[in-house]
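Residues 1 to 435 (UniProt numbering) make up the sequence shown, in order.
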Amino acid sequence: MSSGLDFGWRNAGRSGRVGHQGNRQVVCMSPEVVIVGAGAAGVGAGLALQARGIPFVILEAANRIGGRAYTDKTSLPYAWDHGCHWFHCADVNPLVPWADRLGTDYDRRADIGGVMIWQNGGWLDDAQVAAADRAIDEGFDQIYAMGRSGTDMPLSRILPANGPWAGLLRNIARLMSSGDPEAVSAVGYATYEDTQVNWPVRSGLGDLIARMAIGLPVRLSTAATGIDYRPGGVVVRTEAGDIEARAAIVTASTNVLATGGIAFGPGPALEVVDLVRDVPLGSYEKIAVALRRLPVEPGERAFCWIEPGQGMGLNFQFGSGGEPMMIAHVGGQEALDMGRAGREEMITLAVERLVQAFGSGVRGEIIGAEVTGWQANPFVRGAYSYTKPGLSARRMQMIAAEAGAVIFAGEAFSPNWYATAHGAYQSGVDAAGRV
């Protein structure tokens with residue numbers, strides 16, 4: 001794949017030249033559309049434009065395709081997803097047909113997803129785990145009921161502050177929203193339309209997005225640094241030169257937009273950027289531990305919650321493809337703090353929790369460990385989006401905002417599937433339909 005601005009529109013029926021405006025190179029062989037970002041939203045937009053025969057290019061600042069969908073096949077003996085991993089709302093998920101078409105391996109068993117719980121020095125029996133499951137269902141039912149009533153408040157005012165399951169509920173709320181319960185709007189949370197059908201992608205959701213992008217004109221390591229309006233369209237600025245197009249589809253994360261990762265010239269796109277500041281990405285990191293063999297047979301259970309009583313509890317996911325891995329998931333402020341503490345402290349914590357629950361013998365079974373770094377990633381700067389208490393309308397306002405030749409997409413711009421890969425993908429498809 002070319003590393004320059006030879007975009008390779010072999011079938012676009014266009015000729016062009018390279019000129020200059022001032023000291024900046026101008027790429028005059030312009031596509032009709034420039035897509036900023038090659039994550040699920042950008043790939044979705046590209047596939048939709050390709051189907052319509054509209055010439056386009058996808059600019060990706062990173063050196064890989066996928067954005068927050070990334071299947072790591074090199075850091076450990078087994079592949080693992082740094083970001084999204086599940087087909088959520090799998091019965092209506094638009095990525096599932098792509099998975100079937102491309103031969104992606106996923107687990108569609110209805111009963112996958114159970115949990116085993118180690119709490120305060122011992123394993124809970126089946127009756128206790130069932131009680132925890134009921135508490136989780138009741139807690140999130142209350143969030144949805146309150147949110148859909150229109151009474152906006154932080155999740156922390158709805159979830160129990162005390163009791164045997166308070167820590168578990170707070171942990172799940174952080175993982176589901178990537179924010180602390182005090183920071184997340186109940187009304188905003190309840191806009192997610194959950195069918196409660198969830199299938200883990202054994203071969204990697206990041207791998208699927210990358211394979212969906214095969215054949216698309218993607219230019220890696222090419223950051224869009226600015227976008228200006230011009231008569232008849234936009235100018236997208238990169239360090240390699242400027243690209244003129246009829247429209248730009250911008251799929252950058254809200255944290256990238258809010259912190260000036262792309263400089264927008266005067267025009268209505270600036271109004272959207274103002275709105276996204278109230279729809280931030282929270283924090284979410286993973287700590288993957290690869291073992292020779294698992295310390296326990298998980299059966300149909302996907303998760304293991306380890307709560308020591310003192311210190312941070314951790315929620316581990318078993319390797320969903322049968323590989324002996326245990327992957328700790330950390331969300332909210334805890335994830336932010338852990339990321340700042342660094343890789344070694346993250347791995348140390350995960351190993352300590354495994355030793356507490358399974359005994360010291362687990363240390364000898366470890367053959368590798370690695371962590372994510374989403375908060376520190378300059379092309380993402382967080383996990384996924386949530387809305388703040390009292391500002392839940394912001395998401396719908398920014399989705400509805402009209403920015404002319406600049407069209408925004410991404411998980412944050414999904415009205416009912418935010419925080420998911422399929423929501424991002426569908427928002428990209430929808431954005432392409434507006435070109």
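All C-beta atoms in this analysis are idealised placements derived from N, C-alpha and C, irrespective of residue type, glycine included.
Asked	Found
Is it buried or exposed, SER427, if we count other Cβ atoms within 10 angstroms and call 16 or more buried?	buried
Got a sec, what are the start and stop residues for the alpha helix (DSSP H) ASN255 sits in?	254-258
In chain order, what residues of the same chain lie with their CB nearer than 6 Å to the CB of GLN25, ignoring the 5 residues before and after it?	With a pLDDT of 41 at GLN25, under the threshold of 50, the predicted position of this residue should be treated as unreliable, and no value is reported.
Can you list, in chain order, the residues of its chain whose CB lies under 6 Å from that of GLN119, leaving out five sequence neighbours each side?	GLU307
Cutting at 7 Å between CB atoms, please list the residues of its own chain near ALA376, excluding the five before and the five after it.	GLY339
For ALA135, which residues in the same chain have their Cβ closer than 6 Å to its Cβ, ignoring the five residues on either side in sequence?	TRP165
Can you give me the start and stop residues for the beta strand (DSSP E) that ALA369 sits inside?	366-371
Between the C-alpha atoms of GLY342 and GLU285, what's the straight-line distance to the nearest angstrom?	11 Å
Starting from the C-beta of ALA190, find all residues in its chain whose C-beta is less than 7 Å away, skip the five residues before and the five after it, and write them out in chain order.	ILE143, TYR144, GLY147, ARG148
List the endpoints of the continuous beta strand (DSSP E) containing ILE58.	56-59
Bridge partners of PRO154, per DSSP?	SER185
Just the C-alpha distance for VAL33 and ASN198, rounded to the nearest angstrom, thanks.	34 Å
For CYS304, tell me which candidate among GLY311, GLN310, PRO295 has the shortest Cα-Cα distance.	PRO295
Compute the distance between the beta-carbons of ALA224 and VAL36, then report whether it is under 8 Å.	yes
Are three or more beta carbon pairs between the stretch 261-275 and the stretch 48-60 nearer than 8 Å?	no
By a C-beta neighbour count over all protein chains shown, 10 Å radius and 16 as the cutoff for buried, is GLN317 buried or exposed?	buried
Which residues does DSSP pair with GLN119 in a beta bridge?	GLY122, GLU307
Can you name, in chain order, every residue of its own chain whose Cβ lies under 7 Å from the Cβ of ALA357, other than the five neighbours on each side?	TRP118, ILE306
Go to GLN317, then tell me how far its beta strand (DSSP E) extends in each direction, as first and last residue.	314-318
Flag this pair as yes or no: are the beta carbons of ARG395 and VAL279 separated by less than 8 Å?	yes
Locate the beta strand (DSSP E) running through ALA290, then write down its first and last residues.	284-291
May I have the straight-line CA-CA distance separating GLY299 from PRO324, to the nearest angstrom?	13 Å
Quick one: using the 10 Å Cβ neighbour count with 16 as the cut-off for buried, is ILE262 buried or exposed?	buried
Given a threshold of 16 other Cβ atoms within 10 Å of its Cβ, counted over all protein chains shown, does ASP137 qualify as buried or as exposed?	exposed
Between the C-alpha atoms of GLN310 and GLU352, what's the straight-line distance to the nearest angstrom?	12 Å
Since SER283 contacts ALA383 with CB under 8 Å, what's their CB separation in whole angstroms?	6 Å
So, with DSSP's three-state summary, where would you put LEU281?	strand
Looking at the secondary structure, which residues open and close the alpha helix (DSSP H) in which residue 437 lies?	The structure shown does not extend to residue 437, since the chain is modelled only from 1 through 435, so no value can be given for it.
Please go through the same chain and pick out, in chain order, the residues whose beta-carbon is closer than 6 Å to the beta-carbon of VAL371, but skip the five residues on each side of it.	ILE287, ARG343, MET346
At the level of alpha carbons, what is the spacing between GLU60 and ASP100?	26 Å
What does DSSP give as the partner residues of VAL201 in its beta bridges?	TYR106
Which one of ALA405, ALA186, ALA183 has the shortest CA to CA distance from ARG246?	ALA405
Please classify VAL235: does DSSP put it in a helix, a strand, or coil?	strand
Only counting the same chain, and skipping five residues up and downstream in sequence, which positions put a Cβ closer than 8 Å to that of GLU193?	CYS89, ASN416, TRP417
Quick check on DSSP: helix, strand or coil for SER385?	strand
How big is the Cα-Cα spacing for ASP180 and ALA173?	7 Å
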